[in-house]
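Everything on this sheet refers to the single structure shown next.
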Amino acid sequence: MLNKDYIQEKLTARFGHDVSEWDEQFGIISFRVAPLKNLEVVSYLFSEADLGFQFLTDITGVHFPDRKGEELCTVTHLHNLQANVRLKMKAYVPVEQPDTYSLVPQFAGANWMERETYDFYGINFLGHPNLTRILNADEMDYHPMRKEYPMEDPTRMDKDDEMFGR
Numbered sequence: 001m002l003n004k005d006y007i008q009e010k011l012t013a014r015f016g017h018d019v020s021e022w023d024e025q026f027g028i029i030s031f032r033v034a035p036l037k038n039l040e041v042v043s044y045l046f047s048e049a050d051l052g053f054q055f056l057t058d059i060t061g062v063h064f065p066d067r068k069g070e071e072l073c074t075v076t077h078l079h080n081l082q083a084n085v086r087l088k089m090k091a092y093v094p095v096e097q098p099d100t101y102s103l104v105p106q107f108a109g110a111n112w113m114e115r116e117t118y119d120f121y122g123i124n125f126l127g128h129p130n131l132t133r134i135l136n137a138d139e140m141d142y143h144p145m146r147k148e149y150p151m152e153d154p155t156r157m158d159k160d161d162e163m164f165g166r
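Take the sequence shown: its letter number 83 is residue 83 in our numbering, and every next letter is one higher.
This is the structure we're talking about:
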């Protein structure tokens with residue numbers, strides 16, 4: 001039966017300490033992977049017959065500014081459609097060198113997902129065939145979804161407390 005314990009046992013036997021922090025919430029099994037092992041782990045999850053995670057649901061990024069040395073995270077969602085089991089794989093990278101491998105060799109659909117994650121967070125997907133901005137202007141020299149900027153413009157008058165009688 002394909003469950004958290006079985007998947008954890010298989011991946012730990014194959015990848016050792018490169019997979020860790022196992023959890024299951026809301027029916028989604030999550031774990032952490034070493035950033036430069038992500039493609040190898042995904043390829044194994046895809047090709048191993050009794051695992052069969054052959055559907056890539058999403059790839060995105062998250063910025064954790066308070067986590068020194070692992071400020072950026074790629075989150076990859078995979079699905080085994082036959083067994084209806086979902087996985088969430090997280091790879092943390094430092095903001096100074098945000099490198100992880102591209103999953104395009106395994107899933108062609110990862111192309112635009114990785115480009116979007118690069119565009120918004122600056123995560124570099126090694127081996128990507130065309131890692132360029134996809135939504136923002138090429139001239140932008142920053143990544144707008146990082147938490148390095150105030151949420152609102154402090155000079156906006158319509159957000160001033162005086163407007164609300166405070």
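Here a beta-carbon is modelled for each residue, glycine too, at the ideal position from N, C-alpha and C.
Whose CA, out of the options, lies closest to the CA of residue i?
| i | options | result |
| --- | --- | --- |
| E70 | H128, K90, M113 | K90 |
| L56 | D138, L135, R146, M113 | M113 |
| H143 | L135, T132, T12, D119 | D119 |
| G61 | L51, P35, F46, Q82 | P35 |
| P129 | A137, S102, E139 | S102 |
| G52 | L87, R146, Y149, D5 | L87 |
| E48 | F26, I29, K10 | K10 |
| G27 | L131, Y121, K4, K68 | K4 |
| D50 | K68, Y6, Y121 | Y6 |
Express the C-alpha separation of residue j and residue i in angstroms, rounding to a whole number.
| i | j | result |
| --- | --- | --- |
| F44 | T155 | Note that residue 44 corresponds to Tyr in the displayed sequence, not to Phe. So the alpha carbons of these two residues sit roughly 51 Å apart. |
| P105 | I59 | 14 Å |
| E15 | K37 | Checking the sequence, you will find Phe at residue 15 rather than Glu. Those two C-alpha atoms are separated by around 9 Å. |
| F64 | T76 | 16 Å |
| L39 | E139 | 30 Å |
| E21 | S30 | 8 Å |
| Y149 | G109 | 31 Å |
| A137 | N111 | 18 Å |
| Q8 | R115 | 30 Å |
| K147 | G127 | 27 Å |
| M145 | L78 | 23 Å |
| Y121 | R67 | 15 Å |
| F46 | Q25 | 22 Å |
Apply the 10 Å Cβ neighbour rule to residue i and answer buried if 16 or more other Cβ atoms are within range, or exposed otherwise.
| i | result |
| --- | --- |
| I125 | One detail in the question is off: residue 125 reads as Phe in this sequence, not Ile. Classification of F125: buried, given that the 10 Å Cβ count is 16 or more. |
| L131 | buried |
| L135 | exposed |
Less than 7 Å between C-beta atoms, sequence neighbours within five positions excluded: which residues of the same chain meet that for residue i?
| i | result |
| --- | --- |
| I123 | G61, L72, T74, V93, P98, T100, T117 |
| V95 | E71, L72 |
| L81 | F55 |
| F107 | L56 |
Below 6 Å CB to CB, which residues in the same chain sit around residue i once its five sequence neighbours on both sides are set aside?
| i | result |
| --- | --- |
| L2 | A83, V85 |
| R133 | D119 |
| D23 | S30 |
| D141 | none |
Sorted by chain position, which residues of the same chain lie with C-beta nearer than 8 Å to residue i's C-beta, five sequence neighbours on each side aside?
| i | result |
| --- | --- |
| T12 | V19 |
| V41 | L11, F15, D18, V19, V33, M89 |
Go through the segment 33–81 residue by residue and report every complete run of the beta strand (DSSP E) that reaches 3 residues or more, in order. Complete beta strand (DSSP E) runs here, min 3: 55–63, 72–80.
Runs of beta strand (DSSP E) lying entirely within the segment 84–132, each at least 3 residues, in chain order: Runs of the beta strand (DSSP E) lying entirely within the segment 84–132 and spanning at least 3 residues, in chain order: 85–93, 99–101, 124–126.
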